[in-house]
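Protein chains in written order, with numbering that gives the first Met the number 0: chain A, 0 to 327; chain B, 0 to 316.
Here a beta-carbon is modelled for each residue, glycine too, at the ideal position from N, C-alpha and C.
For reference, the structure discussed in these notes is given below.
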Amino acid sequence: MLSYTATRLLECLLVLLVMSFLVYGLIGLMPGDPIDLMISANPDFTAADAQRLKALYGLDRPLLERYGTWLWAALQGDFGYSRLYQQPVGDILLPRLGWTTVLLGTSLALTVMIAIPLGVWAAARPYSRVDYGINMICFAGISVPPFWLALILILLVAVPFQAIPAGGMGEAGAGLLERLRHLFLPVVTLTLASIGGFTRFMRGAMIQALRADHIRTARAKGLSRARILIGHALRHALLPLITVVALSFGTLFSGALITETMFSWSGMGRTIYEATLGNDYNLALVGLLTATGFTLAGNILADLLYAGLDPRISFQTASDGTGGGSTA
Amino acid sequence: MSTDMQIDHPSPTGHGLSSYGPGRHRRVVRRFLRHRLAVGSLIFLLLMTFGAVAAPLIARSLGVDPFAVDLFNRFAPPGGASLLGTDEVGRDLFTRLLHGGRVSLAVGLTAAVFSAAIGTMIGLLAGFHGGRVDAILMRVTDGVIALPILPLLIVLAAVDLSKLGLTAESAGSETADLARLIAIIAAVGWPTVARLVRAETLSLKTRDYVTAARALGARPGRIMRRHILPNALAVVVVATTLSIGNIILLESVLSFLGLGIQPPTASWGNMLTNAQDLVWSEPHLAVWPGLMIFATVIAFNFLGDGLQDALDPKAGD
Numbered sequence: 000m001l002s003y004t005a006t007r008l009l010e011c012l013l014v015l016l017v018m019s020f021l022v023y024g025l026i027g028l029m030p031g032d033p034i035d036l037m038i039s040a041n042p043d044f045t046a047a048d049a050q051r052l053k054a055l056y057g058l059d060r061p062l063l064e065r066y067g068t069w070l071w072a073a074l075q076g077d078f079g080y081s082r083l084y085q086q087p088v089g090d091i092l093l094p095r096l097g098w099t100t101v102l103l104g105t106s107l108a109l110t111v112m113i114a115i116p117l118g119v120w121a122a123a124r125p126y127s128r129v130d131y132g133i134n135m136i137c138f139a140g141i142s143v144p145p146f147w148l149a150l151i152l153i154l155l156v157a158v159p160f161q162a163i164p165a166g167g168m169g170e171a172g173a174g175l176l177e178r179l180r181h182l183f184l185p186v187v188t189l190t191l192a193s194i195g196g197f198t199r200f201m202r203g204a205m206i207q208a209l210r211a212d213h214i215r216t217a218r219a220k221g222l223s224r225a226r227i228l229i230g231h232a233l234r235h236a237l238l239p240l241i242t243v244v245a246l247s248f249g250t251l252f253s254g255a256l257i258t259e260t261m262f263s264w265s266g267m268g269r270t271i272y273e274a275t276l277g278n279d280y281n282l283a284l285v286g287l288l289t290a291t292g293f294t295l296a297g298n299i300l301a302d303l304l305y306a307g308l309d310p311r312i313s314f315q316t317a318s319d320g321t322g323g324g325s326t327a
Numbered sequence: 000m001s002t003d004m005q006i007d008h009p010s011p012t013g014h015g016l017s018s019y020g021p022g023r024h025r026r027v028v029r030r031f032l033r034h035r036l037a038v039g040s041l042i043f044l045l046l047m048t049f050g051a052v053a054a055p056l057i058a059r060s061l062g063v064d065p066f067a068v069d070l071f072n073r074f075a076p077p078g079g080a081s082l083l084g085t086d087e088v089g090r091d092l093f094t095r096l097l098h099g100g101r102v103s104l105a106v107g108l109t110a111a112v113f114s115a116a117i118g119t120m121i122g123l124l125a126g127f128h129g130g131r132v133d134a135i136l137m138r139v140t141d142g143v144i145a146l147p148i149l150p151l152l153i154v155l156a157a158v159d160l161s162k163l164g165l166t167a168e169s170a171g172s173e174t175a176d177l178a179r180l181i182a183i184i185a186a187v188g189w190p191t192v193a194r195l196v197r198a199e200t201l202s203l204k205t206r207d208y209v210t211a212a213r214a215l216g217a218r219p220g221r222i223m224r225r226h227i228l229p230n231a232l233a234v235v236v237v238a239t240t241l242s243i244g245n246i247i248l249l250e251s252v253l254s255f256l257g258l259g260i261q262p263p264t265a266s267w268g269n270m271l272t273n274a275q276d277l278v279w280s281e282p283h284l285a286v287w288p289g290l291m292i293f294a295t296v297i298a299f300n301f302l303g304d305g306l307q308d309a310l311d312p313k314a315g316d
């Protein structure tokens, strides 16, 4: 168990390392680097001046060496400075990480609370009208562009109802109610956009669980339909759902980026987007790595949770790369 | 995975889907036709494709120029030559929607094919060779699956192509925008197909006809190409169709955020860029492009679902 966790952690660190190097290399290919900007702003700027500045900032050294310097500083907690905000990158990202967690956490809780009963309901009566209807809702949820859904919700909710704001987060230090008002539309958007996938998965997992032998036994014993569904099948279907939720953190974060941007919610996603547009690549890089780190951590957590909850899983088999619970 | 295929005993030479013989073929078509939503979607998508391909002709026959700015004719109501009215700078909405379809379909289909090709190759190699090759390839696949795709694509889309050696002119061209979008989406879109093909390969490589081919001295490359790939194609086709919808969603959000297809080229995503400010006064400008994305994506998803039922009926549950 311990060695398995250690291996997974090492793998995640490796992914982060590779990714940081790739993105660091890409930054050199971004438009509007500071020296380019100085050249275009000042007609007296000569090529020699540019060369001198490049040497001053160490930009003339090879990529690998520059990356090494950056990595060494980052490992000591120095993530550099944000050009856009004129602050250390860590100071900017930390509160935003909190806001993204609030948004994602609320929405994920709501999504799961809706997706589980919908999936169970559909699986209880496969190929019925209810199942068909729920399936249509799922297809719509999977297929709707989240940013457009946000626009439509603004149109349908924020325009007629003044109590629901179309964006922002409320004043600094606002009360809970004020925060909730601003949280409403982003959470609804994100939830509607992610409910389809989870419901479909839940339905599939339930139908599988209902085929098991012990369900037949339970039926033969004369247990009620509800007891069989909730007491026996659901317990087994919930396990793979944990894995799917954890594997979808990356997708959820992409959804958060869109909703944060649409509703001016100061979270990680919106910060990465605005940093990229504003040529603040240091902030974008660290933001992207932070988001990736949390996604990977979520995956490990899910693996451990899954193994902890399911006594049939031993860690020798859990590392065979199939990850379990994936649907075709 | 598909017990149905085991019953069908593909011929040892394995010539693609056709190796199942005409009977199997007819059965697939019949099963697909029973899926009314998928058939409807296919018809819709064919009409869409026709509209997109013929967009310049349709614009000319209507007598409108989808790229001509006419500030005296902003927000014109539907009617006359402008079937759906005009946008915030007086361009015809309907023909711009058709042009937007060109972008979405081109990016969606091309990126889906490229990522399917990468995924198929990786899945085949991992499943067939097993062992360390499999372990490494699948770790990479898991790593890519876990990535937060959209922020990664945003950073990738900001790369200045002129610093990669392209001239400033060609780096800013429409083709460069398209090629970059397709390349970055394919670069992150392959893991789903890779996993499915790997699983399929694992089961196919134990079949008798593969053992027979091996005993006759066929090299691994030939076995993969002639015996495994053709029989794994059904899985690839379904997964690719289902991925097109996702890719169109990604393209539209990148274009919406200003990092995909750049104006004046019309794409459904960039047509919505200004819609947020206008949603209070001109809601129809926000509704139409989004509806086109929604309808196209859901049609591809229904189509993929129907294909799955037809080709691989057991996989649905």
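For a cut-off of 8 Å, the C-beta gap from LEU310 (chain B) to VAL27 (chain B) is around 6 Å, short enough to register as a contact. For TYR84 (chain A), no alpha helix (DSSP H) segment is defined, and its DSSP state is neither H nor E.
When rounded, the separation of the alpha-carbon atoms in ILE183 (chain B) and ALA175 (chain B) is 12 Å. Taken in chain order, the members of the segment 10 to 34 of chain A whose beta-carbon sits within less than 7 Å of a beta-carbon on chain B are GLU10, VAL14, VAL22, LEU25, LEU28, MET29 and PRO30. In the structure shown, the three-state DSSP call for TYR80 (chain A) is strand. Here VAL235 (chain B) has ALA115, THR119, VAL192 and VAL196 as same chain residues with Cβ atoms under 7 Å from its own Cβ, once five neighbours each way along the sequence are excluded.
The Cβ of ALA114 (chain A) sits no closer than 7 Å to any Cβ of chain B. For GLY188 (chain B), the closest Cβ of chain A is not nearer than 7 Å. In chain order, ALA298, PHE301 and LEU302 place their CB closer than 6 Å to the CB of SER40 (chain B), counting only its own chain and leaving out the 5 sequence neighbours on each side. When beta bridges are read from the DSSP output, ASP91 (chain B) appears opposite B:THR85.
Scanning chain A for C-beta atoms nearer than 9 Å to the C-beta of ILE297 (chain B) yields PHE138, ALA139, ILE141, SER142 and VAL143, reported in chain order. The three-state reading of DSSP puts GLY78 (chain B) in strand, counting E and B together. Between GLY195 (chain A) and VAL209 (chain B), the alpha-carbon positions lie close to 39 Å from each other. Within chain B, no C-beta atom comes nearer than 7 Å to that of VAL88 (chain A); the closest sits roughly 15 Å away. When B:ALA75, B:ASP304 and B:GLY130 are compared, the shortest CA-CA separation from LEU241 (chain B) is found for B:ASP304.
A residue is called buried once 16 or more other Cβ atoms fall within 10 Å of its Cβ, and HIS213 (chain A), having fewer, is exposed. Counting only runs that start and end inside the segment 87 to 134 of chain B, the alpha helix (DSSP H) elements of at least 4 residues fall at 92 to 128. With contacts defined by Cβ atoms closer than 7 Å, LEU15 (chain A) and LYS162 (chain B) do not form a contacting pair.
For ASP159 (chain B), there is no enclosing alpha helix (DSSP H), as DSSP marks it with neither H nor E. If you compare the alpha carbons of A:GLY307, A:LEU300, A:ASP302 and A:THR291 with that of ILE144 (chain B), the shortest gap goes to A:THR291. Going by DSSP, ASN245 (chain B) is part of the alpha helix (DSSP H) stretching over 228 to 255. Rounded to the nearest angstrom, the gap between the Cα atoms of MET267 (chain A) and SER19 (chain A) is 17 Å. For ALA198 (chain B) and ARG90 (chain B), the gap between their C-alpha atoms comes out near 50 Å.
Residue-level contact by beta carbon holds for PRO147 (chain B) and chain A, with a gap shorter than 7 Å. When only Cα atoms are considered, ALA108 (chain A) and ALA238 (chain B) end up about 29 Å apart. Close to chain A, meaning a Cβ-Cβ distance shorter than 7 Å, is no residue of the segment 201 to 220 of chain B at all. Among the residues facing chain A, GLY142 (chain B) is included, as its CB has a counterpart in that chain under 7 Å away. Contacts between GLY249 (chain A) and chain B, judged by CB atoms closer than 7 Å, involve ALA145, LEU146, PRO147 and ILE148 in chain order. The segment 139 to 227 of chain A is shown to contain no whole beta strand (DSSP E) run of 3 or more residues. Chain A has no Cβ within less than 7 Å of the Cβ of ASN273 (chain B). SER266 (chain B) carries a coil assignment under DSSP once its states are collapsed to helix, strand and coil. Under the criterion of beta carbons closer than 8 Å, SER193 (chain A) and LEU251 (chain A) qualify as touching, at roughly 6 Å. The C-beta of ASN298 (chain A) comes closer than 7 Å to at least one C-beta of chain B. With contact defined as three or more Cβ pairs closer than 8 Å, the segment 213 to 233 of chain A and the segment 260 to 280 of chain A are not in contact. In this structure THR272 (chain B) is not in contact with GLU173 (chain B), their Cβ atoms being roughly 17 Å apart against a cut-off of 8 Å. Taking C-beta separations shorter than 8 Å and ignoring five residues to either side along the sequence, the partners of LEU32 (chain B) in its chain run VAL38, following chain order.
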